[in-house]
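Under this note's numbering, read the sequence shown as residues 1 to 61, first letter to last.
Please read the structure below before turning to the comments.
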Amino acid sequence: MPHHLTPSELAREMGLDRRDVIAKCLETGVPIFHGRIDKTLFEATIRERFRATARLSDGAD
């Protein structure tokens with residue numbers, strides 16, 4: 001299984017739009033190197049961002 005994927009391949013695997021994958025990479029600082037994205041880094045970054053957002057919303061109640 002490839003570890004470095006194109007934005008289209010990663011979008012297909014993650015159930016996202018290609019543009020959303022690129023936007024999330026730019027927002028979070030995940031590099032796109034030679035048109036490929038490290039799948040593990042992308043997933044970990046998105047997961048951590050989701051956790052941080054959940055923590056903020058839990059504290060707001």
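C-beta: ideal position from N, C-alpha, C; glycine also.
- For the set Arg36, Arg51 and Ser57, the Cα lying nearest the Cα of Ala11 is the one of Arg36.
- Beyond the five residues adjoining it in sequence on each side, Thr6 comes within less than 7 Å, by CB distance, of Gly35 and Arg36 in the same chain, given in chain order.
- CA-to-CA, the gap between Cys25 and Ile32 works out to about 7 Å.
- If you ignore the 5 residues before and after Phe42, its C-beta comes within less than 6 Å of the C-beta of Val30, all in its own chain and listed in chain order.
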